Amino acid sequence: MRHAFRLAQRAEGMGEVPVGAVIVKDGVCIAEGWNRPIASHDPSAHAEMLAIREAGKELKNYRLIGTTLYVTLEPCVMCMGAIVHARIDRLVFAAKDPKRGAVCSAINLSESPILNHRVAWRCGVLKDECSEMLKDFFRARR
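In the working numbering, the protein residues as written are 182 to 323.
In C-alpha coordinates, the structure reads:
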(Lines of atoms letter the chains of each structure in order from A and count residues from 1; the text may use other names and numbers.)
(Lines give C-alpha, C1' and ligand atoms only; values in the text may rest on other atoms or scores of the structure.)
Protein backbone atom coordinates (compact mmCIF):
# COMPACT_ATOMS: atom_id res chain seq x y z
CA MET A 1 0.00 0.00 0.00
CA ARG A 2 2.92 2.34 0.59
CA HIS A 3 3.91 1.96 -3.06
CA ALA A 4 0.33 2.75 -4.11
CA PHE A 5 0.48 5.83 -1.86
CA ARG A 6 3.63 7.04 -3.63
CA LEU A 7 1.87 6.54 -6.99
CA ALA A 8 -1.07 8.59 -5.70
CA GLN A 9 1.39 11.36 -4.89
CA ARG A 10 2.64 11.15 -8.49
CA ALA A 11 -0.93 11.59 -9.73
CA GLU A 12 -1.40 14.57 -7.43
CA GLY A 13 1.77 16.14 -8.80
CA MET A 14 0.22 15.91 -12.27
CA GLY A 15 -2.97 17.64 -11.10
CA GLU A 16 -4.91 14.37 -11.10
CA VAL A 17 -7.03 13.03 -8.24
CA PRO A 18 -4.42 11.31 -6.04
CA VAL A 19 -5.15 7.61 -6.42
CA GLY A 20 -2.54 4.91 -6.89
CA ALA A 21 -2.83 1.16 -7.46
CA VAL A 22 -0.49 -1.82 -7.40
CA ILE A 23 -1.12 -5.45 -8.41
CA VAL A 24 0.87 -8.17 -6.68
CA LYS A 25 1.20 -11.86 -7.58
CA ASP A 26 3.21 -14.30 -5.48
CA GLY A 27 4.62 -11.42 -3.44
CA VAL A 28 5.93 -9.54 -6.49
CA CYS A 29 4.57 -6.28 -7.88
CA ILE A 30 3.61 -7.03 -11.47
CA ALA A 31 1.77 -3.80 -12.34
CA GLU A 32 1.07 -0.30 -11.14
CA GLY A 33 -1.06 2.67 -12.08
CA TRP A 34 -2.01 6.13 -10.97
CA ASN A 35 -4.90 8.32 -12.02
CA ARG A 36 -4.38 9.90 -15.45
CA PRO A 37 -7.77 10.66 -17.01
CA ILE A 38 -6.97 14.36 -17.45
CA ALA A 39 -3.50 13.89 -18.93
CA SER A 40 -4.57 11.04 -21.21
CA HIS A 41 -7.98 12.50 -22.18
CA ASP A 42 -9.42 9.14 -21.17
CA PRO A 43 -12.22 8.87 -18.59
CA SER A 44 -11.31 5.22 -18.01
CA ALA A 45 -7.70 5.99 -17.03
CA HIS A 46 -8.24 5.34 -13.34
CA ALA A 47 -5.31 3.93 -11.35
CA GLU A 48 -6.96 0.50 -11.07
CA MET A 49 -7.77 0.28 -14.78
CA LEU A 50 -4.20 1.16 -15.79
CA ALA A 51 -2.77 -1.38 -13.35
CA ILE A 52 -5.17 -4.07 -14.59
CA ARG A 53 -4.19 -3.40 -18.21
CA GLU A 54 -0.49 -3.58 -17.35
CA ALA A 55 -0.95 -6.79 -15.32
CA GLY A 56 -2.77 -8.46 -18.21
CA LYS A 57 0.14 -7.69 -20.51
CA GLU A 58 2.66 -8.87 -17.92
CA LEU A 59 0.83 -12.18 -17.36
CA LYS A 60 -0.22 -12.48 -21.02
CA ASN A 61 -3.73 -13.21 -19.80
CA TYR A 62 -6.87 -11.20 -19.24
CA ARG A 63 -7.56 -13.28 -16.14
CA LEU A 64 -5.49 -12.11 -13.18
CA ILE A 65 -6.05 -15.15 -11.01
CA GLY A 66 -3.94 -15.28 -7.86
CA THR A 67 -3.43 -11.53 -7.66
CA THR A 68 -4.07 -8.86 -5.07
CA LEU A 69 -4.90 -5.27 -5.99
CA TYR A 70 -3.86 -2.55 -3.54
CA VAL A 71 -5.45 0.85 -4.13
CA THR A 72 -5.57 4.05 -2.10
CA LEU A 73 -9.31 4.68 -2.63
CA GLU A 74 -12.34 2.39 -2.80
CA PRO A 75 -12.93 1.50 -6.46
CA CYS A 76 -15.80 3.01 -8.45
CA VAL A 77 -18.38 1.01 -10.43
CA MET A 78 -16.23 0.92 -13.58
CA CYS A 79 -13.14 -0.26 -11.73
CA MET A 80 -15.02 -2.78 -9.62
CA GLY A 81 -16.49 -4.24 -12.82
CA ALA A 82 -13.01 -4.62 -14.29
CA ILE A 83 -11.72 -6.16 -11.04
CA VAL A 84 -14.46 -8.78 -11.17
CA HIS A 85 -14.02 -9.50 -14.89
CA ALA A 86 -10.25 -9.86 -14.39
CA ARG A 87 -10.91 -12.40 -11.61
CA ILE A 88 -8.63 -10.59 -9.16
CA ASP A 89 -8.67 -12.66 -5.97
CA ARG A 90 -8.19 -9.98 -3.36
CA LEU A 91 -8.72 -6.22 -3.08
CA VAL A 92 -7.16 -4.06 -0.38
CA PHE A 93 -8.05 -0.39 -0.30
CA ALA A 94 -7.23 2.43 2.06
CA ALA A 95 -10.02 5.00 2.11
CA LYS A 96 -13.72 4.48 1.60
CA ASP A 97 -15.48 6.64 -0.98
CA PRO A 98 -18.94 7.38 0.42
CA LYS A 99 -20.11 9.11 -2.79
CA ARG A 100 -18.82 6.73 -5.49
CA GLY A 101 -17.37 3.65 -3.79
CA ALA A 102 -18.66 0.43 -5.32
CA VAL A 103 -17.28 -2.13 -2.88
CA CYS A 104 -19.13 -1.30 0.32
CA SER A 105 -20.00 2.41 0.44
CA ALA A 106 -22.28 4.07 -2.13
CA ILE A 107 -23.06 0.71 -3.72
CA ASN A 108 -22.08 -2.85 -2.79
CA LEU A 109 -20.93 -4.73 -5.87
CA SER A 110 -18.68 -7.01 -3.85
CA GLU A 111 -21.65 -9.20 -2.98
CA SER A 112 -23.94 -8.55 -5.93
CA PRO A 113 -25.78 -11.68 -7.06
CA ILE A 114 -25.50 -10.57 -10.70
CA LEU A 115 -21.71 -10.96 -10.69
CA ASN A 116 -20.14 -14.37 -11.17
CA HIS A 117 -16.93 -13.74 -9.20
CA ARG A 118 -16.48 -12.70 -5.59
CA VAL A 119 -13.50 -10.60 -4.63
CA ALA A 120 -12.26 -10.88 -1.06
CA TRP A 121 -11.67 -7.36 0.22
CA ARG A 122 -10.30 -5.39 3.11
CA CYS A 123 -10.34 -1.67 3.75
CA GLY A 124 -8.51 0.67 6.07
CA VAL A 125 -4.84 -0.05 5.31
CA LEU A 126 -3.11 3.40 5.43
CA LYS A 127 -6.59 4.91 5.66
CA ASP A 128 -5.56 8.05 7.52
CA GLU A 129 -2.70 9.00 5.19
CA CYS A 130 -4.68 8.32 2.02
CA SER A 131 -7.82 10.07 3.29
CA GLU A 132 -5.82 13.12 4.31
CA MET A 133 -4.11 13.34 0.91
CA LEU A 134 -7.50 13.23 -0.84
CA LYS A 135 -9.03 15.82 1.51
CA ASP A 136 -6.05 18.15 1.06
CA PHE A 137 -6.23 17.77 -2.73
CA PHE A 138 -9.91 18.69 -2.95
CA ARG A 139 -9.60 21.43 -0.32
CA ALA A 140 -6.85 23.08 -2.42
CA ARG A 141 -8.99 22.88 -5.59
CA ARG A 142 -11.99 24.62 -4.02
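A virtual CB, placed ideally from N, CA and C, is assigned to each residue, including glycine.
If you're wondering where the values come from, they're calculated on a predicted model, not measured in any experiment.
The C-beta distance from ALA275 to VAL306 rounds to 6 angstroms, short enough to meet the 8 angstroms contact threshold. ILE269 sits buried, since 16 or more C-beta atoms from the chains shown fall within 10 Å of its C-beta.
For the pair ALA267 and HIS222, the Cα-to-Cα distance works out to about 24 angstroms.
Contact annotation: the segment 310-322 does not touch the segment 288-296, with fewer than three C-beta pairs closer than 8 angstroms. Taking C-alpha positions only, VAL273 is separated from ASN242 by approximately 22 angstroms. Closest in alpha carbon position to ALA192, among PRO218, GLY208 and CYS210, is PRO218.
Collapsing the DSSP output to three states places GLU313 in a helix.
By DSSP's assignment, ALA202 forms a beta bridge with GLY214 and VAL252. Looking only at TRP215, PRO224, SER312 and ALA220, the smallest Cα-Cα distance to GLU235 is reached by TRP215.
Per the DSSP secondary-structure output, VAL209 pairs in a beta bridge with LYS206.
Ranked by how close their Cα comes to the Cα of GLY208, the residues GLN190, GLY247 and ILE233 have GLY247 in first place. Under a 10 Å Cβ-count criterion, GLY196 is classified as exposed, with fewer than 16 other Cβ atoms of the shown protein chains found around its own Cβ. The three-state reading of DSSP puts ARG303 in strand, counting E and B together. Residue state for ALA275 is assigned as strand, using DSSP reduced to three classes.
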